[in-house]
Amino acid sequence: MNLFVAELRNDNRWQIEDFHRGFKQLTGSEKCQCRKARSQRNHLACCYHAWVSLKIKAKQQIAKTMYQVRNELFRNYLIQQLKKSTIKAI
Numbered sequence: 183m184n185l186f187v188a189e190l191r192n193d194n195r196w197q198i199e200d201f202h203r204g205f206k207q208l209t210g211s212e213k214c215q216c217r218k219a220r221s222q223r224n225h226l227a228c229c230y231h232a233w234v235s236l237k238i239k240a241k242q243q244i245a246k247t248m249y250q251v252r253n254e255l256f257r258n259y260l261i262q263q264l265k266k267s268t269i270k271a272i
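Quick note: the sequence shown uses this note's numbering, first residue 183, plus one each step.
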């Protein structure tokens, strides 16, 4: 194995690590408490869909990371709910 091949493999590993870190932190995939395999697959599929949506939205908004896009979405939603809540308090 030469230096070029080692660097290429390391780059591939880093991309995988970066994906898993972002996937866990941005989508809450590790918070799944489902017991059945089908429920776990559904949860992970929804998490993956959310991750892809964030990735696309981050690419459309130049110079913003996926973390910034996610925080913006949550901030806007929270402001909206605090102004006019859709769930009525008792």
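Using N, Cα and C, we set each Cβ at its ideal position, and we do this for glycine too.
If you reduce the DSSP assignment to three classes, tell me which class Gly276 lands in. Summary: the structure shown does not reach residue 276, with the chain confined to residues 183 through 272, and so no result is reported for it.
Span of the alpha helix (DSSP H) holding Ser221? Ala219 to Gln242
Pick out whichever of Glu254, His225 and Met183 has its Cα sitting closest to the Cα of Leu236. Glu254
Just mark Val234 as buried or exposed, buried being the case when its beta carbon has 16 or more other beta carbons within 10 Å. exposed
My guess is that Cys216 and Gln222 are in contact by the Cβ rule of under 8 Å, so how many angstroms apart are they, rounded? 5 Å
In chain order, what residues of the same chain lie with their CB nearer than 7 Å to the CB of Lys239, ignoring the 5 residues before and after it? Val251
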